[in-house]
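The sequence shown begins at 1 in full-length UniProt numbering and counts up by one. Ideal Cβ placement from N, Cα and C applies to all residues, glycine included.
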Amino acid sequence: MSKALIPLSIIALVLGLVIGNSFFEAPKPKSGEYIDPPGGDFTLQSINGDVSLSDYKGKVTLLYFGYTFCPDVCPTSLSRVGAAFKKLNEDELKHVQGILISVDPDRDTLQKLADYTKYFHPQIVGITGTKEKIDEIAARYDVKYRKAEGTTAASYLVDHTAYIFVLDKTGKIREYLPHAVEVDRAVEVIRKLINE
């Protein structure tokens, strides 16, 4: 490669990363306002049976789309949710719920999801369903996901939106938290919505 092409290659790489990353970014709302997309109720399966968002009406819900084979972003996000839940007092904990919706229904069995979410906090439930059902729910939450190109059939990665949706007691989206949110910030948001 000639020396003249190196700067152009670097610029092309940076632009590709920026554009590719924006595919998975959620819009940044003003704190506390109701947010589009509408989201809404859904029903998927956990190891203990059907789980609907409406089952948690009256609770602040932290909703995350991810998968158990995720090497980095998902464990970071769920560990932050679990750490935030651990900072809540016993009464506050009665008013929160965590949900992981799998974007990898081919590999994420109900048992795998149960074991995975329990590791982060017992108040987080892992749920899944058919790809068609997950696609429909993901579209309502404006979540993007896809199998990463160039990976093998057995050991693939899934690129996905990495925000934690914070829903109020009525199930409305009120905040997006980044996957590496500071735990104290997550606790602040949760407590604010518990006390509304």
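Contacting residues, own chain, Cβ-Cβ under 7 Å from residue i (five flanking each side not counted)
i	result
R140	P37, P38, G39, G40
G126	S46, L100, S102, L113, A114, Y116, T117
A83	V183
C74	G66, Y67
K147	Y156, V158
Nonlocal neighbours in the same chain, by C-beta distance under 6 Å from residue i, ignoring five residues either side
i	result
S54	D41
L110	I47
T151	L157
V81	L62, G98
I137	F42
Whether residue i touches residue j by CB criterion (7 Å)
i	j	result
D106	V158	no
T130	D108	no
A180	T76	yes
F65	Q123	no
V51	L193	no
S155	F120	no
Opposing strand residues paired with residue i [DSSP bridges]
i	result
E175	V166
T61	Q97, L167
Q45	D50, T128
Y145	H160
S102	G66
Proximity to residue i [Cα-Cα], best of the options
i	options	result
P71	H160, K172, L88	H160
K57	A148, K94, L88	K94
L63	N195, V143, E196	V143
N195	E92, Y176, Q97, R174	E92
P178	V189, R185, T170, I164	I164
K169	I190, T152, E149	I190
Y145	I173, A162, S79	A162
G171	E132, V96, E90	V96
8 Å CB neighbourhood of residue i in its chain, flanking five on each side removed
i	result
residue 205	Residue 205 falls outside the range modelled here, since the chain spans only 1 to 196, and no answer is possible.
V187	A84, K87, L88
R185	L177
Cβ of residue i within 7 Å of any chain B Cβ
i	result
E182	Although the question refers to chain B, the structure presented lacks it and comprises just one protein chain.
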